[in-house]
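Quick note on this note's numbering: the sequence shown kicks off at 4 and runs consecutively. Even glycine gets a Cβ: it sits at the ideal position worked out from N, Cα and C. Input: a single structure, listed below in structure tokens.
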Amino acid sequence: MTAPTDDTAAEVDPSARPAPSPRRLAAAVGGLAAGAVAVAVGMLGAAVLEVDSPVDAVGGAFIDRTPVWLRELAIDWFGTDDKLALRVGIALVLTGCALAVGVLSRHRIWMGVTGIALLGVVGVWAAADRPGSIGSAWLPPVLGVVAGAPVLVRLLARVHGGPRDTPGPSQAPLGWDRRRFVAASGAAFAVAGGAGLAARGLERGRITRIEESAPEMLPTPVDGAPPIPPGADVVPTTPFVTPNDDFYRIDTALSFPRVDVARWRLDIGGMVGTPLSVSYAELLARPHVERVITLCCVSNEVGGPYIGNAVWQGVPLADLLDEAGVDTAAEQVFSTSLDGWTCGFPVGVARDGRDALVALGMNGEALPLAHGFPARLVVPGLYGYVSATKWLRSIELTTWDRDVGYWVPRGWAREAPVKTQSRIDVPRRGETMTAGRAMIAGVAWAQHRGIARVEVRVDDGEWREARLGDSVSDDAWRQWAIEWDAEQGDHVLQVRATDRTGVTQTEQVRPPAPDGATGYHTRRVTVA
Ligand SMILES: Nc1nc2c(c(=O)[nH]1)N[C@H]1C(S)=C(S)[C@@H](COP(=O)(O)O)O[C@H]1N2
Ligand SMILES: [Mo]
């Protein structure tokens, strides 16, 4: 049987534009309500079972398959809000799917049910695809389908009218009960909202419990960093030590890994004499050192914000490797996080005397969850994507042909030492200056080589040497400043740094991929 279409109404009044038929609209709303129930129940199921939510699993599968150009574009457009952008994108796609499911269901309910089931299949596939996914992660998307499909069937039966609906006083002339439909779909949205809120509450509680499991105080390091001399800080806008809350965050994790610090262990194995497995308490009990190390992201554009400097506290990686006894044939220190992310760097880097750390602390506190609690790697002189594993789970000594880190098959270089770079922080971008004596200032970095010189040029004039802030460590950035007699008009400011090996950063402009952006940071200013 074919229900009379409401479009006949339009024929009666030829002046009317073909308005969306109320039934089609209702069907779409029904699809949306059923979709909302399915997604929210899936999220709630995941929160109760303590597995990745189906939406995050799909997002994670998407992140893992994002080509380099799209990732760069996303970081360019959304910066560190790229995860939020992905969530919004997923929500829009899901909304479109749910509306389509509703419209399709209007005459062929099996098509809508199949549509919901297909979304569930995508959820199950993504859950199974997640590295380190645990057994029950397939269940939440199935629960979502089991909850969403009956809602769809019942709501669409109301749109359809027919024998299941007993005619009531509010029965509309077109043969369906709008008031009941509105009440039923409203109830479905309320259930979805309630389930969604409950899921969010559980997720927040989970994160709070992890954060509260971190120690209030870390042990005093046996080899502490000397206090930062006030002379290290010469840029008014940029603190020499980046506060934890301002430290850039870059990772592929849509939700924080399920850290259980009481049961957590760091395993060191592979090509070693004696594999080690150390608990958090054992790592805390070992002698700690404290080092000032600047961490930066390979995706940072010239002049970009994805760099931070912190006082890291932890156990020297070399001590742990010595204890395990590294096989001479081992080539790579390959590490894996609790969420299945991986990276690797040459064994030589870990043993050339530099202060690579298994860090437990950041700026005087236990590592914040966003920066890798309970433990992470920090290796001076290497970009984060080849070295700085957060939520560290294991370290494996291996060869290059056996394994490569997460980003390598995705178009990034296998080895990635940090490039010598410099950035202008003052004047700020778009700042209008007044004529007269002014300051140009910023940061320069060449981790593990150290900064020897910073020069500044105005409008293709002479390169002039800037005054350097006190050096704290070759592994940390260095601040710089220079006076300038600003004359009225538009000006172009440029900076370049030279490291302690005598090499000046290259002027050649290159994008971040595959191994770090190059070129001089250039700032255009207007002096009024
Ligand atoms: N587990 C995990 N660790 C990770 C990453 C990640 O995606 N997952 N990203 C790396 C990258 S690309 C960088 S630049 C640094 C950033 O560390 P931060 O977020 O503490 O600044 O972490 C590294 N460690
Ligand atoms: Mo990065």
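Inset, instruction - Give me the Cα-Cα distance between N303 and I398, rounded to the nearest whole angstrom. - result: In the sequence shown, counting from the first residue as 1, residue 303 sits at position 300. In the sequence shown, counting from the first residue as 1, residue 398 sits at position 395. Whole-angstrom Cα-Cα distance: 26 angstroms.
Inset, instruction - State the CB to CB distance for the pair G105 and G92, rounded to an integer number of angstroms; the pair is presumed to be in contact (CB under 8 angstroms). - result: Position 102 of the sequence shown holds residue 105. Position 89 of the sequence shown holds residue 92. G105 to G92, Cβ: 21 angstroms. No contact.
Inset, instruction - Quick one: residues in its chain with C-beta nearer than 6 angstroms to the C-beta of A49, no 5 flanking neighbours on either side, listed in chain order? - result: Here residue 49 refers to the residue found at position 46 of the sequence shown. Cβ neighbours of A49 beyond the five flanking positions: S56, P143.
Inset, instruction - Count the other CB atoms, across all protein chains shown, that sit within 10 Å of the CB of P7; report buried if there are 16 or more and exposed otherwise. - result: Start at 1 with the first residue of the sequence shown, and residue 7 comes out as number 4. At P7 the pLDDT is 41, less than 50, meaning the model places this residue with poor confidence and gives no usable figure here.
Legend entry - Alpha carbon of G364 to alpha carbon of D358, nearest angstrom: Stepping through the sequence shown from its first residue, residue 364 is reached at position 361. Stepping through the sequence shown from its first residue, residue 358 is reached at position 355. Near 15 angstroms, if we compare the C-alpha coordinates of D358 and G364.
Legend entry - Buried or exposed (CB count within 10 angstroms, at least 16 for buried), V46: One-based indexing of the sequence shown puts residue 46 at position 43. It is Met, not Val, that sits at residue 46 in the sequence shown. By the neighbour-count rule (16 or more Cβ atoms within 10 Å), M46 is buried.
Inset, instruction - Could you work out which residue in D85, R74, A103 is closest to V32 when comparing CA atoms only? - result: Within the sequence shown, numbered from 1, the residue matching residue 32 stands at position 29. Closest by alpha carbon: A103.
Inset, instruction - Kindly confirm or deny that the segment 470-487 and the segment 426-444 touch, where touching means at least three C-beta pairs closer than 8 angstroms. - result: Segments in contact, yes.
Legend entry - Close Cβ partners of W403 (< 6 angstroms) along its chain, the five nearest in sequence each way excluded: Here the question's residue 403 lines up with position 400 in the sequence shown. The beta carbon of W403 sits closer than 6 angstroms to the beta carbons of E334, Q335 from its chain, once the five residues preceding and following it are set aside; these are given in chain order.
Inset, instruction - Please list, in chain order, all residues of the same chain as R212 whose beta carbon is under 8 angstroms from its beta carbon, the five residues on each side excluded. - result: Within the sequence shown, residue 212 is the residue found at index 209, counting from 1. If we look at R212 and ignore the five residues flanking it on each side, it has no Cβ neighbours.
Inset, instruction - Return the first residue and the last residue of the alpha helix (DSSP H) that V124 is part of. - result: In the sequence shown, residue 124 corresponds to position 121, counting from 1. Start and end: 112-132.
Inset, instruction - Report the three-state DSSP secondary structure of C100 (helix, strand or coil). - result: Sequence index remark: in the sequence shown, residue 100 carries index 97 (1-based). In this structure, C100 counts as helix in the three-state DSSP scheme.
Legend entry - Short Cβ contact (8 angstroms threshold) for V528 with H494: The residue labelled residue 528 in the question sits at position 525 within the sequence shown. The residue labelled residue 494 in the question sits at position 491 within the sequence shown. Against a cut-off of 8 angstroms, the Cβ pair of H494 and V528 comes out as a contact.
Inset, instruction - Please list, following the chain, all residues that have a C-beta closer than 7 angstroms to any non-hydrogen atom of ligand 2. - result: I253, C300, V301, S302, Y309, Y386, G387, Y388
Inset, instruction - Verify the contact flag: A391, CB atom, against every heavy atom of ligand 1, threshold strictly below 7 angstroms. - result: For this step, residue 391 is matched to residue 388 along the sequence shown. It does: the Cβ of A391 is within 7 angstroms (strictly closer) of some heavy atom of ligand 1.
Legend entry - Pick from A284, R396, L73, A469 that is closest to S2, judged by C-alpha positions: One cannot answer for residue 2 here, as it falls past the ends of the chain, which runs 4 to 531.
Legend entry - Exposed unless 16 or more other CB atoms sit within 10 angstroms - verdict on G433: Residue numbering aside, residue 433 sits at position 430 when the sequence shown is read from its first letter. With a threshold of 16 other beta carbon atoms within 10 Å, G433 falls short and is exposed.
Legend entry - Nonlocal neighbours in the same chain, by C-beta distance under 7 angstroms from A373, ignoring five residues either side: The residue given as residue 373 occupies position 370 in the sequence shown. For A373, where only same-chain residues beyond five positions count, the Cβ hits under 7 angstroms are R252.
Inset, instruction - My understanding is that I271 touches P278, with C-beta atoms under 8 angstroms, so please give their C-beta distance in whole angstroms. - result: On the sequence shown, residue 271 is found 268 positions in, with the first residue counted as 1. On the sequence shown, residue 278 is found 275 positions in, with the first residue counted as 1. With a Cβ gap of about 6 angstroms, I271 and P278 count as contacting.
Legend entry - Per DSSP, cross-strand counterpart(s) of Q482: For the purposes of this step, residue 482 is taken as residue 479 along the sequence shown, with counting starting at 1. Its beta-bridge partners are V446.
Inset, instruction - Can you give me the start and stop residues for the alpha helix (DSSP H) that R379 sits inside? - result: Residue mapping note: residue 379 aligns to position 376 of the sequence shown, counting from 1. Counting along the chain, R379 falls outside any alpha helix (DSSP H), though it belongs to the beta strand (DSSP E) covering 379-381.
Legend entry - Residue range of the unbroken alpha helix (DSSP H) whose run includes M320: As a first step, residue 320 must be located in the sequence shown, where it is residue number 317. First, the residue type needs correcting, since residue 320 is Leu and not Met in the sequence shown. Here the alpha helix (DSSP H) through L320 covers 320-327.
Inset, instruction - Give the DSSP-derived three-state secondary structure of L372 in the structure shown. - result: Counted from its first residue, the sequence shown places residue 372 at position 369. Of the three classes helix, strand and coil, the one that applies to L372 here is helix, per DSSP.
Inset, instruction - Over the uninterrupted alpha helix (DSSP H) stretch that includes H163, give me the two end residues. - result: Indexing the sequence shown from 1 puts residue 163 at position 160. Start and end: 142-163.
Inset, instruction - Tell me whether the beta-carbon of L496 lies closer than 8 angstroms to the beta-carbon of V459. - result: Taking the sequence shown and counting its residues from 1, one reaches residue 496 at position 493. Taking the sequence shown and counting its residues from 1, one reaches residue 459 at position 456. Yes, they are a contact pair.
Legend entry - Contact test: D236 Cβ vs ligand 1 heavy atom, cutoff 7 angstroms: As a working note, residue 236 is residue 233 in the sequence shown. No, since every heavy atom of ligand 1 falls outside the 7 angstroms radius drawn around the Cβ of D236.
Legend entry - Spatial distance of G356 from D249 (CA atoms): The count along the sequence shown starts at 1 and reaches residue 356 at position 353. The count along the sequence shown starts at 1 and reaches residue 249 at position 246. When rounded, the distance between both Cα atoms is 30 angstroms.
Inset, instruction - State the DSSP-derived secondary structure class of M46, mapped to helix, strand or coil. - result: Taking the first residue of the sequence shown as position 1, residue 46 is located at position 43. Looking at M46 - three-state DSSP - the assignment turns out to be helix.
Inset, instruction - Could you check if W394 is buried or exposed, using at least 16 other CB atoms within 10 Å of its CB as the buried criterion? - result: To locate residue 394, count along the sequence shown from 1; it is residue 391. Under this definition W394 is a buried residue.
Inset, instruction - On the DSSP bridge assignment, give the partners of R470 in chain order. - result: The residue given as residue 470 occupies position 467 in the sequence shown. Answer is A484.
Inset, instruction - May I ask you to check if the CB of Y251 is nearer than 7 angstroms to at least one heavy atom of ligand 1? - result: Your numbering for residue 251 matches position 248 in the sequence shown. True, at least one ligand heavy atom lies under 7 angstroms from that Cβ.
Legend entry - Alpha-carbon to alpha-carbon, P70 and V411: If you number the sequence shown from 1, residue 411 lands on position 408. If you number the sequence shown from 1, residue 70 lands on position 67. Going by the C-alpha atoms only, they are around 12 angstroms apart.
Legend entry - P239 versus I427 - alpha carbon distance: For this step, residue 239 is matched to residue 236 along the sequence shown. For this step, residue 427 is matched to residue 424 along the sequence shown. So the two alpha carbons sit approximately 12 angstroms from each other.
Inset, instruction - Spell out a yes or no on whether the segment 410-424 and the segment 375-390 are touching, meaning 3 or more CB-CB pairs, one atom from each, closer than 8 angstroms. - result: yes
Inset, instruction - Compute the minimum distance between the beta carbon of W344 and the heavy atoms of ligand 4, and state whether it is under 7 angstroms. - result: As for ligand 4, it is missing from this structure, which binds only ligand 1 and ligand 2.
Legend entry - Given V281 as reference, the closest of V292, C299, L323, V262 once Cα atoms are compared: Position 278 of the sequence shown, counting from 1, holds the residue named residue 281. Closest by alpha carbon: L323.
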